[in-house]
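Numbering (our numbering), first residue to last: 815 to 1065. A short worksheet on the structure shown next.
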Ligand code: SF4
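What follows is the structure, encoded as structure tokens:
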């Protein structure tokens, strides 16, 4: 069962394709940050539920929460041996991703096995919403001039993860008007980064599984679905996408 415990509905950027960025109030009420007691009780309430896949996000950017690191540390501290959740996924725009935070996430994902530890692979994935290959298209699509910073933060996360098996990364671009010419450069950029880290990965046009890293050209959901589908199909053709798993450096 998928469970989203939304740490915040605030966001630090304004993506053109995101309804969160189109409204002053994401849930029809002033935006907030979850307090620790709500997080503690929410986690405790997962006990006994079947096969919980936990994501600390719904709308908003979870890393924007001022206590994000402590909240995630706490979740893993009380989860041994998977008594609350079996899988954990982080979705982030990577605007706020310091080396310390990256190391913390990699450490939590690769804690040594033991009777009181969660099973290896519990922290299975980080989904990076990048959505551009250039600073110009990033600024247009994401509504903020953070392109260089995001590209650097994600690349550094992959470098710091090194050979650690978890979490896998999904490097995502929602194909849309402002970035539909970026597909080749997007795939090339992240192919270089993943290959330098000696990671196996796939390039995909649909939601990737969690068995290895992925570069994901995502279809936009919109009112003009036929138009968005055509952009997506062209982006896939631009990269020769066949969606098969590839060893490092072979794409
Ligand atoms: S980063 Fe996520 S929550 Fe924020 S505007 Fe973009 S898609 Fe929406």
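Beta carbons: idealized from backbone N, C-alpha and C, even for Gly.
Contact test: residue 851 Cβ vs the ligand SF4 heavy atom, cutoff 7 Å: no
Give a yes or no on whether the C-beta atoms belonging to residue 868 and residue 901 are separated by under 8 Å. yes
Roughly how many whole angstroms lie between the Cα atoms of residue 818 and residue 899? 12 Å
Could you tell me if residue 852 is buried or exposed, where buried requires 16 or more neighbouring beta carbons within 10 angstroms of its beta carbon? exposed
Applying the 10 Å Cβ sphere with the 16-neighbour rule, what's the burial state of residue 979? exposed
Within 7 Å: the Cβ of residue 874 and any heavy atom of the ligand SF4? yes
Buried versus exposed call for residue 1048 [16 or more other C-beta atoms within 10 Å across all chains shown]: exposed
Nonlocal neighbours in the same chain, by C-beta distance under 8 Å from residue 1044, ignoring five residues either side: none
So what does residue 943 bridge to, in DSSP terms? 986
Close beta carbons around residue 1015, own chain, < 7 Å, minus the five adjacent residues each side: 1008, 1026, 1027, 1028, 1029 and 1060
Return the bridge partner residues of residue 902 from the DSSP annotation. 868 and 937
Looking at the ligand SF4, does it come within less than 7 Å of residue 827, judged from the CB to the closest heavy atom? yes
Return yes when at least one heavy atom of the ligand SF4 lies under 7 Å from the C-beta of residue 869, else no. no
Separation of residue 872 from residue 850, as counted between CA atoms: 17 Å
Sub-8 Å separation of residue 889 and residue 857 beta-carbons: yes
Specify the secondary structure class of residue 1027 as computed by DSSP and reduced to three states. strand
So what does DSSP say about residue 909, is it helix, strand or coil? coil
CB of residue 907 to nearest heavy atom of the ligand SF4: below 7 Å? yes
Secondary structure of residue 1016, DSSP reduced to three states: strand
What's the gap between the Cα of residue 1065 and the Cα of residue 1000? Its pLDDT being 38, under 50, residue 1065 is placed unreliably in this model, and the value from its coordinates should be taken loosely. The straight-line gap from Cα to Cα measures roughly 13 Å.
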